[in-house]
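Chains as they are written, first to last, in the working numbering: chain E, 40 to 377; chain G, 40 to 377; chain C, 4 to 399; chain R, 4 to 399. Glycine included, each C-beta is placed from N, C-alpha and C at the ideal position.
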Amino acid sequence: MTAPLSDAEQVMLRDAVRTYLAKDDAPRWFDFIDRLGIGRALLDAQQGAIIAEEIGRARVHLPLAEVATAAWLLDRCNAPVPPATAIATLAWAEPGLRYDFAGIETRARRNGDGWRLEGTKAVVDWATEADALLVAARTGGDGLSLFRIDSARTDGLRLSPYRTIDGHPAADLIFEDHALPDDALIGPECGALDLLEEARDRALALLAAEAVGLLDSLLEQTIAYTGQRRQFGQPIAGFQALQHRMVDMYLECELARSSAWLAVEALDERPAARARAVSSAMVNIARACRLVGQEAIQLHGGMGMTDELPIGHYVKRAMAIEVSWADSDWHLARIAGL
Amino acid sequence: MTAPLSDAEQVMLRDAVRTYLAKDDAPRWFDFIDRLGIGRALLDAQQGAIIAEEIGRARVHLPLAEVATAAWLLDRCNAPVPPATAIATLAWAEPGLRYDFAGIETRARRNGDGWRLEGTKAVVDWATEADALLVAARTGGDGLSLFRIDSARTDGLRLSPYRTIDGHPAADLIFEDHALPDDALIGPECGALDLLEEARDRALALLAAEAVGLLDSLLEQTIAYTGQRRQFGQPIAGFQALQHRMVDMYLECELARSSAWLAVEALDERPAARARAVSSAMVNIARACRLVGQEAIQLHGGMGMTDELPIGHYVKRAMAIEVSWADSDWHLARIAGL
Amino acid sequence: MLKLTPEEVAFQEEVRAFFARDYPAHVIAKNKAGQRLTKQDHIDAQRALNARGWLGVGWPRDVGGTGWTPIERYIFDEELEFAHAAGIIPMAVIYIGPIIAAFGSEQQKTEWLPAILESRSFWAQGYSEPEAGSDLASLRFSAVRDGDDYILNGTKIWTSGAHWADWIFCLARTSREERKQQGISLICAPLGLPGIRVHPIRLIDGSDELARIEFDNVRVPITNRIGDEGQAWHYANVLLKTERLSYAHIGSKKRDLAALLDQAAKLPARGSGTMDRDPAFRFAHARIEARLAAIEASILRALRGEISMATAAALKIACTECAQAITGLAIDLAGRSRLPMLDRSVADWADAAPAVAPFGPVALQSYLFERAQTIYGGSTEVQKNIIWRALAGMAR
Amino acid sequence: MLKLTPEEVAFQEEVRAFFARDYPAHVIAKNKAGQRLTKQDHIDAQRALNARGWLGVGWPRDVGGTGWTPIERYIFDEELEFAHAAGIIPMAVIYIGPIIAAFGSEQQKTEWLPAILESRSFWAQGYSEPEAGSDLASLRFSAVRDGDDYILNGTKIWTSGAHWADWIFCLARTSREERKQQGISLICAPLGLPGIRVHPIRLIDGSDELARIEFDNVRVPITNRIGDEGQAWHYANVLLKTERLSYAHIGSKKRDLAALLDQAAKLPARGSGTMDRDPAFRFAHARIEARLAAIEASILRALRGEISMATAAALKIACTECAQAITGLAIDLAGRSRLPMLDRSVADWADAAPAVAPFGPVALQSYLFERAQTIYGGSTEVQKNIIWRALAGMAR
């Protein structure tokens, strides 16, 4: 872990990322990390959050949460961490579970010197672009373990690529007797559950920060649009009913911002406090994504429905974040201890 | 059952009740029923709903739902029905249950020629004014039965009177070895559950109609108040943000009206369809009571907080209706079959 | 009053039997599978309806319409939607057909109406313009007389179905002298004319069935005008009056809500169960069911009586927000399976994401598409202004 | 940034210990039992705080104040609320005390401030008027110079605690020449003066602690004016700046939310369990908890930085709506036990309804009383206008 950034350093980091993304609206991950020299920032949640917020504000396709989460897992497992410029992503979701890792059915069986992997992973973000996949699977004692798969290993892996609603590359993965070497296992055998839980919370903190950037931009775009769009002889931002609704959007944006801070600062707490803070944050983030997204489209009128304006793309990325690791009801249940 | 009223007869009944209540804002039940000659209307849900709506609109204290429900129960049980001018009320709720009759713990034991009643009934509306009480109690085979108690029988009955939030008289009742004659049992021994369920739905249909009158009046009062209250140099009804909120109140009022119809027309359906329709109606009614009540106070500003204006009294009656027999969550669970 | 008469129940059974027996099964199958319909599918569907005399749902009997009562129409719509049949594309049949029947010339009635019923011509609607969305009075699209012709210039937007349409009917300004709402005429043009360019608009749900249409000195004979010059505003309001409940779609809402329960029974929940026993989902579902029951009752009340502008506006808001709420619940139910954005124009579209419940991508695209419901046909904000004027008027 | 420093944690423990050991237990007991406090209770509470030097929470040290940082003040408020201690009646201590300290004459500081700290005088606030609610600029209450006196005329309304107060501070118009906000002065009067009549206002929750106060030619010396003539608007804004987060009450919100879970464990649910396992209740509860966590983080962010008008307005809306949501959840939880309307001024108040959980009537009255939160101190609507102006300004 690095020392926390000073206020001035935070501003510098933010400005550097913002400037970079203002110049390149379709950045490649390698260039983004390499040219900004922010590889080390990925393991620091506070710095990651600053970068994530700018990624959200610019709504560019970059696998920040995926790579940072994978890097954190590898680091925690004392496994070799690939360079930050490489893309790694975690495959955990499956058709047979909603959000709980406990429902994972993909299975790894010892086979001679190695492992055989069998199972299906659903909507794995950036899988098609990844240099390395981390796969959560059930092993011998019915516990969960983590495996690392290099992208070169394609035998026994059926990969169905598509784009998700936010335009990110993703894939469903079907492992059919997929062979892995012995050292593909990273971290403790059957001991991955707590690691996965913590990884999820860290990923969520980054996604919360990204959502803050998205939501701020949605509000700004809406204020700007309603200020120039004229109907009934005046800019529609002149209508008080619309003004108050944009204020409601602002209120959600502000609480979303506080929520992201809450999540980031709670990552070093004990698991129960961390879970509570992150889930509280995500309940607010999800609500903000829904409300701000819906209002942004509505207040843009027909133009909000088109793919031409950025607005819809921001909304769809926000919709993906809402449900990326769990939904609001899952977080509420976690807060309530149900 | 009487034949359904024609449209013209419905209007006549409504106008007669409205005119009566316009002249007397603190009517007595006896006079109300007697002078209007509407005793027979109590057994007809459609007519009852018309009367209930006007009671709501005028927000007067009259035990319509209580008396009509008791009369219906007595009629169904082939027990002598007291004159409609008398007040009768059903005591069902208890501290140990939320809303389900299945939780009733008050017990009636056979004792020689009669019965002994033991248990506690909570917030029995109009109990202090009632000529007769109907009490739901558990009997021998652990089923529910209904007992009729004349108000003269006070031995072994501790009655704690108070007013409820809507200003109605009510009481908690504690029966301690309360003696009842043999014929106090009405209807089938251990066979009261279905009767109670149907009675509840009939009472709810009347309360839904009363709520429609309350809500309409709340909206009217709010439109009138905002039309004359000036702030920032104009009537506050000139502010579009407030206009749209009054429109939202109107939307709830309209759905509440349709909901009341839905409930009334469903009373003769089979139990499952009846339950579904009445619970759907009450979910909407409860939502409308909450939203319209809150907005009415808010849009009245400080004046909405005072006991001087009618507004608060309407809101409190609406709040009582919201929870009188069950709350929104109970109705949702009934709709969902959970 | 909310219940059907015995005659209406008999009609309902007749309609139900028709969709079960005499309606193209492949259309229903595609709809059930979430596959987008082709133009030919719609033609097949319309021809089946027309064969039964049930296509001209809002038309008078003398021009081949059904002549149904509002309740019969409602029953038909509901059964069509329950059956997963194709929605009737409204532009020709619902929107312009009744206006042609009421105000068109004999020639227009003889040429255009049969072509619509026989699916020989599809129509598009040219109402909105880039600068005139909910504020239709500020239209700029112009029609200038030149001998026996009009010269049309301007841009129409949000035109749905233009890629299938042969004709377009346009609101066009024929005079600038009068009050803003006046001086607007209803003029029709074949879409193949020189000077007309159709630009598809890609929407956030991935569809491209809307278009922006540019008219550059397009010449049409004045006989293409429906009714009198300058009276389009009046005709549009007549249409509004007869068709103001055609967006209600109570049947499809009930069908979609019921389908969510079926889907829920197949989706894993927390722990070991399925989502149909998940309390949060079931409560949210029941809340919308309750709302829909009240909306349905409101529609039936309205159909059996007179409908005021305020009531129509209120029902538009209630129906469209309810439809959006259902799609919102659907994406909530879908969870992560709503993430893939898939092209649903082919039969095996769902194979592209084999680990995902196909329900998810359909729900997602519906959610996005339905955001338009509260925007078009008079946005919710405009409806609220209409209602407020009525409320303030009553208070005076 | 959201976390307390070690010094702040030590202070927190000190405050917590104080309320546990050195604070009047009967006040805490009454609050826990839902009994209304008397004036003497408040005096006992204030004296305990003052004995510790902790009453002048927003005052500078040189006039007997605590001199706390905003975070220390926040910690103190939170612990006070966690402990079920009496809220400090804000009129004297929170509202006028800091203004006297900053802008008052030496005589005012010497006479009025110690009397407040020693609980010898209670104050009331005379800001609102019947025709000037959220629109303070349109005040009519007048102060006319007459030699060395002012003659006060007009009506103040929504004055809380007037039945206990010895003094009132009033916004009064001393000039009609200038812009509406100008020409307003801050003038104090003993409530016992001839010409002052206090009319209690009964509220919907059954309380009558607010009043309407009429001034009929009330004479006070000009030395009762705080600061300069015509500058009250400025002083009020200074106050607003320092006190704009004093309504946050995060501690009481957390306490009340936690208490709901305790209550839920005692209330029967559907079937056989208790309400603390009821999913609908728990989800609603968790939703508010999540919201409150974000609001708390927002407050801490604000306390550690500069607070803009827009942020203050946003936090006022968030805090008050959250407080209302908690009371809304409380009455939902209470179910039918919220129905009795009981007088809570006596110790055995709950015996009046022996079959009802006492929690219910308290929840109901809180729900009703808290409706005022979004009305006073600048209604939510006015706050939204303030925020909009800031947003529109940033966009320019």
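A check of alpha carbon separations from residue 303 of chain G across G/320, G/288, G/61, G/154 identifies G/320 as the nearest.
The beta-carbon distance between residue 180 of chain G and residue 116 of chain G, rounded to whole angstroms, is 18 Å. This is too long to meet the 8 Å contact definition. Given a length threshold of 4 residues, each whole run of the alpha helix (DSSP H) inside the segment 27-108 of chain R is given here in chain order: 28-35, 42-54, 73-85, 100-106. Here residue 266 of chain C is near residue 336 of chain C, since their CB atoms are less than 8 Å apart. Per DSSP, reduced to three states, the secondary structure at residue 58 of chain G is helical. With fewer than three CB-CB distances shorter than 8 Å, the segment 341-351 of chain C does not count as touching the segment 288-301 of chain C. By DSSP's assignment, residue 147 of chain C forms a beta bridge with C/154. Where residue 159 of chain E is concerned, the enclosing beta strand (DSSP E) starts and stops at 153-164. With contacts defined by Cβ atoms closer than 8 Å, residue 379 of chain R and residue 330 of chain R do not form a contacting pair. Short of 7 Å from the beta carbon of residue 219 of chain C, and not among the five residues preceding or following it, lie these beta carbons of its own chain, in chain order: 156, 198.
Our two residues, residue 205 of chain G and residue 17 of chain C, have alpha carbons roughly 51 Å apart in a direct line. By the rule that beta-carbons nearer than 8 Å mark a contact, residue 278 of chain G touches chain E. Per the DSSP secondary-structure output, residue 162 of chain R pairs in a beta bridge with R/214. Residue 133 of chain G is a Cβ neighbour of residue 161 of chain G, given a cutoff of 8 Å. Spatial neighbours of residue 21 of chain C in its own chain (CB-CB distance under 7 Å, excluding positions within 5 residues in sequence) are listed in chain order as 55. For residue 173 of chain C, the enclosing beta strand (DSSP E) begins and ends at 170-176. Within the segment 242-327 of chain E, the complete alpha helix (DSSP H) segments of 4 residues or longer fall at 279-305, listed in chain order. Between the segment 40-50 of chain R and the segment 87-98 of chain R, the count of Cβ pairs shorter than 8 Å is three or higher; the stretches touch.
Listed in chain order, the alpha helix (DSSP H) elements of length 4 or more contained wholly in the segment 324-381 of chain R are 362-373.
In this structure the segment 362-369 of chain G does not touch the segment 290-300 of chain G; the number of beta carbon pairs closer than 8 Å is below three. Not a single CB atom of chain C sits nearer than 8 Å to the CB of residue 293 of chain R. For residue 93 of chain E, the enclosing alpha helix (DSSP H) starts and ends at 84-97. As DSSP reads the structure, residue 186 of chain G sits in a beta bridge with G/174, G/224.
Shortest Cα-Cα distance from residue 325 of chain G to any of G/336, G/355, G/91, G/153 involves G/355.
Residue 362 of chain C and residue 85 of chain C have their C-alpha atoms spaced approximately 18 Å apart. Chain-ordered listing is empty here: chain C has no CB closer than 7 Å to the CB of residue 45 of chain G, the nearest sitting near 12 Å. Out of G/203, G/219, G/220, G/199, the CA that lies nearest to the CA of residue 211 of chain G is found in G/199. For residue 286 of chain R, the uninterrupted alpha helix (DSSP H) run begins and ends at 282-306, by DSSP. Taking C-beta separations shorter than 8 Å and ignoring five residues to either side along the sequence, the partners of residue 281 of chain R in its chain run 267, 272, 273, following chain order. Inclusion of residue 111 of chain E and residue 238 of chain E in the CB contact set at 8 Å is warranted, their separation being smaller than that value.
When Cβ-Cβ separations below 8 Å define contact, residue 190 of chain E makes no contact with chain R. For residue 99 of chain E, no Cβ of chain C is located within less than 8 Å of the residue's own Cβ. One Cα belongs to residue 337 of chain E, the other to residue 377 of chain C, and the distance between them is close to 7 Å. Here the alpha carbon of residue 162 of chain C sits roughly 40 Å from the alpha carbon of residue 255 of chain G. According to DSSP, residue 202 of chain G shares a beta bridge with G/208. A straight line joining the alpha-carbon of residue 10 of chain R with that of residue 150 of chain E spans about 58 Å.
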